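For the protein sequence lines, the chains are A and B, in the order given.
Letter by letter, the first sequence follows residues 1 to 261 of full-length UniProt numbering.
Letter by letter, the second sequence follows residues 1 to 261 of full-length UniProt numbering.
Take a look at the structure below.
Number of protein chains: 2
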Amino acid sequence: MKLADHRPQSRADFHDRLRRIGVERYHDRHPFHKRLHGGECSGDEVRAWVINRWQYQSRIPMKDAAFMSRLEDPQLRRIWRSRIEDHDGGVDAGGGIRRWLALAQAVGLDPDYVASGVGVLPATRFAVDAYVRFVRDMPLLDAVAASLTEMFAPKIHAERIEGLLKHYDFADETSLAYFRNRLTEARKDVEFGLTYVLDHADTLEKQDAAAAALTFKTDVLWAQLDALWNGYVEGRTPPGAWRPGEGMARLQQGADMVGVS
Amino acid sequence: MKLADHRPQSRADFHDRLRRIGVERYHDRHPFHKRLHGGECSGDEVRAWVINRWQYQSRIPMKDAAFMSRLEDPQLRRIWRSRIEDHDGGVDAGGGIRRWLALAQAVGLDPDYVASGVGVLPATRFAVDAYVRFVRDMPLLDAVAASLTEMFAPKIHAERIEGLLKHYDFADETSLAYFRNRLTEARKDVEFGLTYVLDHADTLEKQDAAAAALTFKTDVLWAQLDALWNGYVEGRTPPGAWRPGEGMARLQQGADMVGVS
Chain A
1 MKLADHRPQS RADFHDRLRR IGVERYHDRH PFHKRLHGGE CSGDEVRAWV INRWQYQSRI
61 PMKDAAFMSR LEDPQLRRIW RSRIEDHDGG VDAGGGIRRW LALAQAVGLD PDYVASGVGV
121 LPATRFAVDA YVRFVRDMPL LDAVAASLTE MFAPKIHAER IEGLLKHYDF ADETSLAYFR
181 NRLTEARKDV EFGLTYVLDH ADTLEKQDAA AAALTFKTDV LWAQLDALWN GYVEGRTPPG
241 AWRPGEGMAR LQQGADMVGV S
Chain B
1 MKLADHRPQS RADFHDRLRR IGVERYHDRH PFHKRLHGGE CSGDEVRAWV INRWQYQSRI
61 PMKDAAFMSR LEDPQLRRIW RSRIEDHDGG VDAGGGIRRW LALAQAVGLD PDYVASGVGV
121 LPATRFAVDA YVRFVRDMPL LDAVAASLTE MFAPKIHAER IEGLLKHYDF ADETSLAYFR
181 NRLTEARKDV EFGLTYVLDH ADTLEKQDAA AAALTFKTDV LWAQLDALWN GYVEGRTPPG
241 AWRPGEGMAR LQQGADMVGV S
């Protein structure tokens, strides 16, 4: 019997394989993003995106805490903790998810409504929960590999800032602060995560698992935009999901946000 | 049929019930602690305590991350995160668990050996794992209630600092820095945790569950000292556990610690 060839890919080939997953499957290719960045979204489509993307943003620190809860190496925990600090921020200042609520307010939504998660599409919730569970339950290498969609994020954030500023009145440096911050935060995270994955995927089996994890994560992101397209571009809004006119701010835009997450 | 009386205890009575659990069951009453604080422990008994207590200390940030991974309220996550910051500290400075390794070094142990967890008693590991799982799986109220052994900690830490300084040559402000810091850190944490439990245990059923959680936690702490007594005071050391002479520092005490967690 001749054994199959199980030699791992070279570091460069494996890195290229991960990059190609982004080229082929990252959600910058989704028609909803082309519509959003091209200025073709209605105000309500933008609001639906802000409401549903909150569900993803707000679960990211829980995902990172689930990962940290499995790390026996204190130094790795210390490094990973900065992701939670970026998103949650301090008790007073808040962080990325509070900046997301500034975007919610800029598009006329009540930030408390958005933070409540009421009206999020069930398909969004399922996709996000699947990601949190994946990171909690799967091997550490797979969990880190799933985070590597951040390799592709700076490009989409730069496109988004440019597209939104060009096409929408609500867009300014305050409302888009979330994306501006992610340009630098994501770069720091991906540098660590990519090195970790390239270092630890030292067999073909682990490389395959890491590539599958990254593919899974692109599915998590893509599924959210499919749900958004179905619910708000095609207008097949499922029961219980946000309807235009709901959750609008009663305060003037620019007023102090109170009681927000 | 007459329904049973399920009215909750008053806030004061419930608080008193929690305090009594500490009076009756907290591990300050364990003979090992009386022996340790009274200066009757041999050097090897102290070392066994330092090695095994590391297992508990080093899992506390994982326990707190598991708790955070279940918190949907960003503000609660931000507040709870300070516990991880206290124990893990920053990438360069470290925190409580690195201060624990300073104690390890002061009693002649190699901090890398202690940090490796090799030689920890299986019963210690089981007790600590049971606590981490409890916090990951049980209702949030029970998880917070289990942390309330911290109500009783400042007293034992003060007794310990006094007893160790009086009786042991290794004890000084550097080696005991862990306990000195906990005097203030634990007070801040317990104030928040106690208020949370008193506020949220609003039915008799929840009060019973919270009291059971705190009782469980006292068991977790007590079981670790029973294992220590059995293994090192009685000398019935189980297979694979640390033996005197193992894991000793090759460096002079006071030399720079390198490569420690």
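Ideal Cβ positions, reconstructed from N, Cα and C, are used throughout, including at glycine.
As the structure is a computational prediction, the values presented were derived from the model and not from experiment.
Taking the alpha-carbon positions, what's the residue i to residue j distance?
i	j	result
G90 of chain A	R78 of chain B	6 Å
P244 of chain B	D44 of chain B	6 Å
I97 of chain B	S58 of chain B	6 Å
A212 of chain B	L141 of chain B	11 Å
V114 of chain A	Y56 of chain A	12 Å
A171 of chain B	F126 of chain A	54 Å
P239 of chain A	G119 of chain A	9 Å
Q224 of chain B	A106 of chain B	22 Å
D110 of chain A	A48 of chain A	13 Å
V135 of chain A	R53 of chain A	19 Å
H33 of chain B	R81 of chain B	30 Å
I161 of chain A	D73 of chain B	28 Å
T149 of chain B	T218 of chain B	7 Å
I21 of chain B	I51 of chain A	46 Å
R29 of chain B	M151 of chain B	15 Å
R7 of chain B	L71 of chain A	42 Å
L183 of chain A	L176 of chain A	11 Å
D16 of chain A	S147 of chain A	16 Å
Q207 of chain B	S10 of chain A	58 Å
residue 315 of chain A	L18 of chain A	The requested residue 315 of chain A does not occur in the structure, where chain A is confined to residues 1 to 261.
T174 of chain B	L103 of chain B	8 Å
E24 of chain A	K155 of chain A	15 Å
R250 of chain B	S116 of chain B	16 Å
L214 of chain B	R99 of chain B	27 Å
residue 266 of chain B	G108 of chain B	The structure shown does not extend to residue 266 of chain B, since chain B spans only 1 to 261, so no value can be given for it.
residue 302 of chain B	T237 of chain B	Nothing can be reported for residue 302 of chain B, as the shown portion of chain B is limited to 1 through 261.
Y26 of chain A	W229 of chain A	16 Å
K2 of chain B	N181 of chain B	53 Å
M68 of chain A	M68 of chain B	10 Å
H157 of chain B	Y168 of chain B	16 Å
V258 of chain A	E246 of chain A	At V258 of chain A the pLDDT is 47, less than 50, meaning the model places this residue with poor confidence; the figure from the coordinates comes in the next sentence. Cα to Cα, the separation comes out at about 19 Å.
G235 of chain A	E191 of chain B	50 Å
L101 of chain B	L121 of chain B	18 Å
D137 of chain A	D112 of chain A	31 Å
Use the C-beta contact count for residue i: other C-beta atoms within 10 angstroms, 16 or more gives buried, fewer gives exposed.
i	result
F179 of chain A	buried
F14 of chain B	buried
M248 of chain A	exposed
Q75 of chain A	exposed
A4 of chain B	exposed
V220 of chain B	buried
D189 of chain B	buried
G163 of chain B	buried
S42 of chain A	exposed
D88 of chain B	buried
P31 of chain A	exposed
A93 of chain A	exposed
G95 of chain B	buried
A255 of chain B	Interpretation of A255 of chain B is limited by its pLDDT of 46, a score under 50 that renders its predicted location unreliable; the figure taken from the coordinates is listed afterwards. Exposed, by the Cβ-count rule.
Kindly identify the DSSP beta-bridge partner or partners of residue i.
i	result
L109 of chain A	A:M248
Please return the same chain residues whose Cβ sits closer than 6 Å to the Cβ of residue i, not counting the five positions on each side in sequence.
i	result
V144 of chain A	G193, Y196 and V197
Y232 of chain A	E45 and A48
E159 of chain A	H37
V128 of chain B	Q55, Y56 and R59
H200 of chain A	L141
residue 265 of chain B	As displayed, chain B neither begins before 1 nor continues past 261, which places residue 265 of chain B out of reach and without an answer.
Going by beta carbon distance, what residues of the same chain come within less than 8 Å of residue i, once the five residues before and after it are set aside?
i	result
K166 of chain A	G39
P139 of chain A	A209
Residues in its own chain within less than 7 Å of residue i by CB, not counting five upstream and five downstream?
i	result
K63 of chain A	Y131, V132 and V135
A123 of chain B	A223 and A227
Q185 of chain A	According to the sequence shown, residue 185 of chain A is Glu rather than Gln. Result list for E185 of chain A: D86, in chain order.
I84 of chain B	P61, D64 and A65
W242 of chain B	A48, I51 and G119
R187 of chain A	P154
F216 of chain B	F134 and A146
Query - Continuous alpha helix (DSSP H) assignments of at least 4 residues falling wholly in the region 72-142 of chain A - result: 74-88, 96-106, 111-116 and 122-137, all fully within the region 72-142 of chain A.
Query raised in the report: Which runs of the alpha helix (DSSP H), 4 residues or longer, sit entirely within the region 162-246 of chain B?
Result: 177-200 and 204-228
Query raised in the report: What runs of the alpha helix (DSSP H), each 4 residues or longer, lie entirely inside the region 20-55 of chain A?
Result: 31-37
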